[in-house]
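Report on the structure given below.
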Amino acid sequence: MVFTEDIFAEDDVIYLNRFSEEDDGLYFRIMQEDPFCPSPPMDRPDILKLWRDDFLSERRFYCMVTRKIDGKPMGYCGINDINKNDWEIAVMLLNDYQGKGYGRRMTMLLMERLADLTGRKEYFALVEPKNINSHLFFRCFGFAPAGVFKLVEGMPDSFYKQVEDENISSLDDWTFQLAKQFCVEPRILLSHVTRYKKTLF
Numbered sequence: 001m002v003f004t005e006d007i008f009a010e011d012d013v014i015y016l017n018r019f020s021e022e023d024d025g026l027y028f029r030i031m032q033e034d035p036f037c038p039s040p041p042m043d044r045p046d047i048l049k050l051w052r053d054d055f056l057s058e059r060r061f062y063c064m065v066t067r068k069i070d071g072k073p074m075g076y077c078g079i080n081d082i083n084k085n086d087w088e089i090a091v092m093l094l095n096d097y098q099g100k101g102y103g104r105r106m107t108m109l110l111m112e113r114l115a116d117l118t119g120r121k122e123y124f125a126l127v128e129p130k131n132i133n134s135h136l137f138f139r140c141f142g143f144a145p146a147g148v149f150k151l152v153e154g155m156p157d158s159f160y161k162q163v164e165d166e167n168i169s170s171l172d173d174w175t176f177q178l179a180k181q182f183c184v185e186p187r188i189l190l191s192h193v194t195r196y197k198k199t200l201f
């Protein structure tokens with residue numbers, strides 16, 4: 001699937017356009033700000049190239065989000081892997097634009113445009129268990145719990161048990177509440193990520 005329009009989607013406040021190699025500075029800046037993402041090794045050009053190549057690979061569909069009033073880039077959103085049957089939404093905003101309604105606006109704009117082009121109505125989101133703001137964001141946006149997935153696929157059961165045992169002391173009230181909502185034992189959330197689902201009507 002190829003989307004070639006300069007402006008992929010827009011409303012009266014923002015527009016989305018396909019991420020290009022020239023936009024990678026925004027991507028690295030967002031990664032540096034986000035406490036739940038590994039910080040890019042800015043002193044290692046060779047590794048940064050691997051990050052950049054992965055981010056711009058054909059299996060990913062990411063759009064830069066720009067505010068119309070001043071032309072400033074605010075973040076990006078898109079689909080992590082368009083080759084998968086289930087499309088997982090990615091939503092990342094610079095800190096200055098968080099909590100102001102932009103995340104909801106750009107996510108809805110993205111999903112509605114994709115639905116118009118592809119007919120897809122179901123979208124998913126993976127969220128780290130400790131990322132409370134992301135959980136609240138997707139819940140308020142109408143996403144519902146849809147299971148949990150292993151942090152690292154393909155490892156033996158002993159690996160996940162070890163991760164859980166080593167981090168068992170980090171279980172808190174939030175984790176217990178989250179586990180109840182996802183119908184799993186609290187310790188499972190130490191080695192898994194949660195998944196949400198939304199269906200457009």
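First residue of the sequence shown? That's 1 in my numbering, and the numbers climb one at a time after it.
We treat Cβ as the ideally placed atom computed from N, Cα and C, and that holds for glycine.
Just so we're clear, the structure is a prediction, and the values are computed from it rather than from any experiment.
Beta-carbon contacts of residue i that lie in its chain and below 6 Å, excluding the five residues immediately before and after
i	result
K198	Y123, G142, F143
D24	R52
I79	F61, W87
H135	V127
L110	C77
Close-in-space but distant-in-sequence residues of the same chain around residue i (CB under 8 Å, 5 per side omitted)
i	result
V184	V148, H192
K68	E10, D12, V13, I14, Y15
Burial state of residue i (16 or more Cβ within 10 Å)
i	result
L226	Shown here, the chain extends from 1 to 201; a query on residue 226 therefore has no answer.
G103	buried
I7	exposed
V91	buried
G75	buried
M118	A small correction: the amino acid at residue 118 is Thr; Met does not occupy that position in the sequence shown. Classification of T118: exposed, given that the 10 Å Cβ count is below 16.
M155	exposed
F201	exposed
Residues that DSSP places opposite residue i in a beta bridge
i	result
P73	T66
E212	Examination of residue 212 is not possible in this model, given that the chain is present from 1 through 201 alone.
K197	F124, A144
7 Å CB neighbourhood of residue i in its chain, flanking five on each side removed
i	result
I47	P41
L114	R120
K100	none
C140	none
**Within the segment 111–181, ranges of the beta strand (DSSP E) (whole runs, at least 3 residues)** = For secondary structure counted as the beta strand (DSSP E) over 3 or more consecutive residues, the segment 111–181 holds these complete runs in sequence order: 122–127, 144–150.
**4 or more residues per run - each alpha helix (DSSP H) lying fully within the segment 22–48** = Correct list: 24–33.
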